[in-house]
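Asks: Take a look at the following structure, please.
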Amino acid sequence: MNFACTILASCLLIFIPSTKGVTPTVTKLLQGILNDDINMTIPDPPLYSIYDILWEKNGKRIIRRINGKIFPQQQEKYQVFENGTLKIKHLQRNDSDIYKVDLYDSDGHHMLTQTFDLKILEKVSKPVINWNCANATITCEVTQGTDPKITLYRHRRIIKEGQKIIRYKGTIKSIAPFNCTATNGVSEETSMVNIDCSEKRLDIPLIVGICGGGIFFLLFVALLILFISKRKKQHRRENGGKLELRAHRNTSEERSRRPYQIPASAPPNAAASQAPPPPGHHPQAHGPRPPPPGHRAQHQQQRRPLPCPGAPVHQQKGPPLPTPRVQPKPPRGARENAKQSSGRAVPVL
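All letters in the sequence shown, in the order written, are residues -21 to -1, 1 to 328 by mature numbering (1 follows the signal peptide of the UniProt record, and there is no 0).
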């Protein structure tokens, strides 16, 4: 039995392939940034020359390099270097998958196998901090990014953690700096604000200045109104004086233009009632012809009687009145001739 077991064990060892020189498979986690490039570098590559490099994605060959030649030749997405590193350009979300690389020497012996687990992440955006002093609430929110982790700090001390959006409610009595940090392993963004929810105090100098300005404005308006009213009164007085002067002038002109009226008590003219003289009779004239009686009457009307001692004296308002015109007096000789002619009797033929 012992001899038979020894023979069976020897046969089994013949059919089992040798694993000498082969590195065991280890999966490595990688994180790539959306729309960026990434290099998958093989850790601890062989020191001697690599003849054949084969890369696979989820079990399907994507690119191969044999003795410096690339298959397939036209490749825009992938690129392989001599040390076996794979470069993926312009990462997209569908590039997240399991990648495996196999290395062979020139004799075809397998040298190394390496597996990578690639995850594509989007960069986080800058956190937005909002607060409400009425209910003492602070909110930190991130709008973009894959699986962001948010941490809220106050005076460099963590007060709350969360994802996408966090809300903190507490007492804010004075100015305090708050920091909000968002990270997801491939990017990190931070925002800081100083929040002041203290009670607003009255600004005494500002209030006094506003009240003083209002008082000065009211005084200015009152003085302006008083000045305008005085100017209006003065203007009315000047217009009233002008109107009174104009009326007095009109009255004086009407009196000067009014015709002479014979008083009812005056005796009729003797010369007018006498019979006309005979044709051959010519009265003798001792001087110039007397003026018409209208001039004397007008001259008598212009003389005003003196006021009584007890009567009130009328005072003229406004500018002085113009001096009335003086009618020319008839010559003395003509006045006496007129009296003689009126008293002489006309002889009857």
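For every residue, glycine included, the Cβ atom is placed at its ideal position computed from N, Cα and C.
With a threshold of 7 Å on Cβ separation, who are the neighbours of residue 63 within its own chain once the five nearest residues in sequence on each side are excluded?
Replies: Counted from its first residue, the sequence shown places residue 63 at position 84. Here the set comprises 21, 24, 29, 32, 80, 82.
Asks: Rounded to the nearest angstrom, how far is the Cβ of residue 100 from that of residue 164, given a contact under 8 Å?
Replies: Residue 100 sits at position 121 when you count from the first residue of the sequence shown. Residue 164 sits at position 185 when you count from the first residue of the sequence shown. Contact flag correct, Cβ pair sits at about 6 Å.
Asks: Per DSSP, which one or two residues make a beta bridge with residue 119?
Replies: Here residue 119 is taken as the residue at index 140 of the sequence shown, counted from 1. In the DSSP output, where bridge partners are listed per residue, residue 119 has 108, 145.
Asks: For a quick check, are the C-beta atoms of residue 11 and residue 65 less than 8 Å apart?
Replies: Along the sequence shown, read from residue 1 onward, the residue named residue 11 stands at position 32. Along the sequence shown, read from residue 1 onward, the residue named residue 65 stands at position 86. Not a contact, by the Cβ cut-off of 8 Å.
Asks: Can you check which of these residues, 50, 74, 44, 171, is closest to residue 15 by C-alpha distance?
Replies: Locating residue 15 in the sequence shown gives position 36, counting from the first residue. Here the closest residue by C-alpha is 74.
Asks: By a C-beta neighbour count over all protein chains shown, 10 Å radius and 16 as the cutoff for buried, is residue 194 buried or exposed?
Replies: By one-based count along the sequence shown, residue 194 stands at place 215. Exposed, because fewer than 16 other Cβ atoms sit within 10 Å of the Cβ of residue 194.
Asks: Would you list the one or two residues that DSSP bridges to residue 11?
Replies: Here residue 11 refers to the residue found at position 32 when the sequence shown is read from its first residue. Answer is 99.
Asks: Do you know whose CA, among 232, 206, 138, 125, lies nearest residue 72's CA?
Replies: Within the sequence shown, residue 72 is the residue found at index 93, counting from 1. Of 232, 206, 138, 125, the residue nearest in Cα terms is 125.
Asks: Among residues of its own chain, excluding the 5 on either side of residue 149, which ones have a beta-carbon nearer than 7 Å to its beta-carbon?
Replies: Numbered from its first residue, the sequence shown carries residue 149 at position 170. If we look at residue 149 and ignore the five residues flanking it on each side, its Cβ neighbours are 115.
Asks: Within 10 angstroms of the Cβ of residue 90, are there 16 or more other Cβ atoms? Answer buried if so, exposed if not.
Replies: Here residue 90 refers to the residue found at position 111 when the sequence shown is read from its first residue. Looking at its Cβ environment, which holds 16 or more other Cβ atoms inside 10 Å, residue 90 is buried.
Asks: Could you pull out every residue in the same chain whose Cβ sits closer than 8 Å to the Cβ of residue 68, ignoring the five residues on either side in sequence?
Replies: As a position in the sequence shown, residue 68 is number 89, starting the count at 1. Here the set comprises 16, 55, 56, 57, 58.
Asks: Three-state secondary structure (DSSP) at residue 28?
Replies: By 1-based counting over the sequence shown, the position of residue 28 is 49. If DSSP states are grouped into helix, strand and coil, residue 28 belongs with coil.
Asks: Pick from 171, 129, 133, 136: whose alpha carbon is nearest that of residue 144?
Replies: Position 165 of the sequence shown, counting from 1, holds the residue named residue 144. Per the Cα distances, 129.
Asks: State the start and end residues of the unbroken beta strand (DSSP E) segment that holds residue 151.
Replies: The sequence position of residue 151 within the sequence shown is 172, counting from 1. Segment: none, residue 151 is in no beta strand (DSSP E) and carries neither H nor E.
Asks: In angstroms with no decimal places, state the Cα-to-Cα distance between residue 225 and residue 189.
Replies: Counted from its first residue, the sequence shown places residue 225 at position 246. Counted from its first residue, the sequence shown places residue 189 at position 210. Their backbone Cα atoms lie some 54 Å apart in a straight line.
Asks: So which of 176, 166, 157, 137 has the shortest CA-CA distance to residue 113?
Replies: The count along the sequence shown starts at 1 and reaches residue 113 at position 134. For residue 113, the nearest C-alpha among the options comes from 176.
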